[in-house]
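Worksheet for the structure shown next.
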Amino acid sequence: MKKLVIFDLDGTLVDTISDLANACNYALSTMGFPTHHLSVYPFYVGNGVSKLIERSLPTDSRDKETIRNVRQKFTEYYDEHTIDLSHPYEGIPELVKRLNDHGIKMAVASNKYQRAVEKIIYGLFPDIPWVAVEGQKTDVPVKPDPSVVFEILSKSPTSKQDVIFVGDSGVDIETARRACVESVGVTWGFRPESELVEHHANFIINKPLELMTLLNH
């Protein structure tokens with residue numbers, strides 16, 4: 000049986016898209032830029048907040064200074080509204096409880112900045128003893144760089160063959176591949192199943208509890 004499950008956060012454990020969209024639209028509006036409909040945001044997220052801001056800006060306004068200024072407004076808003084509308088996906092609370100009951104370790108690897116990751120995880124899953132909760136940090140490259148996986152393994156040493164990485168995007172599948180651990184793509188998140196297939200996920204599941212059947216292979 001696998002001994003450590005590493006989860007992506009946004010689009011995998013928690014549906015965060017409404018709070019992210021609201022924060023981004025607030026920042027864009029405050030800085031005088033056009034806002035976007037909620038439906039486009041699943042394709043803007045996944046590579047960290049700076050990349051989200053860049054994608055949301057007009058193509059002629061994506062210079063570093065503008066991105067930095069809009070990000071500052073985003074962060075000011077998001078820090079106060081991190082989990083206004085965000086919630087675990089159906090079946091996720093049952094999954095993490097069952098994993099914990101089976102003694103399987105769990106960790107989080109996200110491209111969202113560290114403070115927000117901790118607020119979401121400890122706010123929505125207060126009873127789960129996560130072995131590591133890793134967000135974006137200035138000294139660690141974002142996914143798909145595998146550094147975040149190695150950071151987790153340094154805190155909870157586990158053989159790679161006993162690790163499985165669960166995420167909803169090609170970024171997550173590529174992260175797992177580069178870290179040399181097996182990947183599970185989930186279809187309930189922000190990206191289409193075709194993206195998971197294109198990036199060669201080892202497994203694809205449609206409901207959270209299906210993960211339990213993969214842990215013994």
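Quick note on numbering that gives the first Met the number 0: the sequence shown kicks off at 0 and runs consecutively.
The C-beta atom is built at its ideal place from N, Cα and C for all residues, glycine as well.
Rounded C-alpha distance that separates residue i from residue j
i: residue 68; j: residue 57; result: 14 Å
i: residue 92; j: residue 145; result: 27 Å
i: residue 200; j: residue 89; result: 22 Å
i: residue 142; j: residue 99; result: 26 Å
i: residue 70; j: residue 80; result: 15 Å
i: residue 61; j: residue 46; result: 16 Å
i: residue 32; j: residue 195; result: 32 Å
i: residue 130; j: residue 197; result: 31 Å
i: residue 132; j: residue 166; result: 15 Å
i: residue 213; j: residue 207; result: 11 Å
i: residue 190; j: residue 82; result: 21 Å
i: residue 75; j: residue 22; result: 9 Å
i: residue 115; j: residue 169; result: 22 Å
i: residue 110; j: residue 101; result: 28 Å
i: residue 96; j: residue 59; result: 47 Å
i: residue 13; j: residue 20; result: 14 Å
i: residue 202; j: residue 155; result: 24 Å
Same chain, Cβ closer than 7 Å to residue i, neighbours up to 5 away in sequence not counted
i: residue 29; result: 72
i: residue 49; result: 66, 70
i: residue 159; result: 179, 180
i: residue 112; result: 48, 134, 135
i: residue 43; result: 51, 54, 55
i: residue 138; result: none
i: residue 210; result: 94, 165, 183, 204
i: residue 11; result: 165, 166, 167, 185, 188
i: residue 35; result: 24, 55
Bridge partner(s) assigned by DSSP for residue i
i: residue 87; result: 13
i: residue 122; result: Residue 122 pairs with nothing; no bridge assigned.
i: residue 105; result: 4
i: residue 135; result: 112
i: residue 202; result: 183
i: residue 164; result: 5, 182
Beta-carbon proximity list for residue i, same chain, < 6 Å, skipping 5 on both sides
i: residue 157; result: 2, 3
i: residue 84; result: 17, 18
i: residue 140; result: 146
i: residue 162; result: 3, 180
i: residue 15; result: 9, 85
Reduced DSSP secondary structure (H/G/I, E/B, other) of residue i
i: residue 52; result: helix
i: residue 149; result: helix
i: residue 43; result: coil
i: residue 30; result: coil
i: residue 302; result: In this structure the chain extends from 0 to 216, so residue 302 is not present and cannot be described.
i: residue 73; result: helix
i: residue 98; result: helix
i: residue 176; result: helix
i: residue 155; result: coil
i: residue 67; result: helix
Same chain, Cβ closer than 8 Å to residue i, neighbours up to 5 away in sequence not counted
i: residue 117; result: 132, 134
i: residue 103; result: 0, 1, 2, 3, 4, 214
Inter-stretch contact (C-beta, 8 Å, three-pair minimum) for the segment 156–176 and the segment 115–125: no
Could you say if the segment 126–135 and the segment 39–46 meet the contact criterion of at least three C-beta pairs nearer than 8 Å? no
Segment contact, 8 Å Cβ cut-off, at least three pairs: the segment 3–10 with the segment 183–190: yes
Take every Cβ of the segment 16–26, pair it with every Cβ of the segment 148–157, and state whether three or more of those distances are shorter than 8 Å. no
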